Amino acid sequence: VPPAELEALLITHPDITDCAVIGIPDEQAGELPRAYVVSNKKSTIHEEDVLNFVKGLHFGYIL
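Rendered as structure tokens:
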């Protein structure tokens, strides 16, 4: 999955104001995505919230 596709998905979350996705090496998959997100100042969003957001959009194949 191209990083830009993941970034476009993540930025739709109301608590995320900016994000960047890069590929990291993985022995089994070749490469896996790693996302860096910037939350808005009033947000209490956590890593698990971001993962659940992506899974909830039925893009589980991305993870």
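For the sequence shown, the UniProt record's numbering begins at 1 and goes up steadily by one.
Glycine included, every Cβ here is placed at the ideal spot set by N, Cα and C.
All values reported here derive from a predicted model rather than from experimental measurement.
| Asked | Found |
| --- | --- |
| Alpha carbon of Ile24 to alpha carbon of Lys42, nearest angstrom | 30 Å |
| Pair within 8 Å by beta-carbon distance, Ile16 and Val1 | no |
| Where Val50 sits in the DSSP three-state scheme | helix |
| Reference Val21; option with closest CA among His46, Gln28 and Leu10 | Leu10 |
| Backbone secondary structure at Pro2 - three-state DSSP | coil |
| Secondary structure of Leu57, DSSP reduced to three states | coil |
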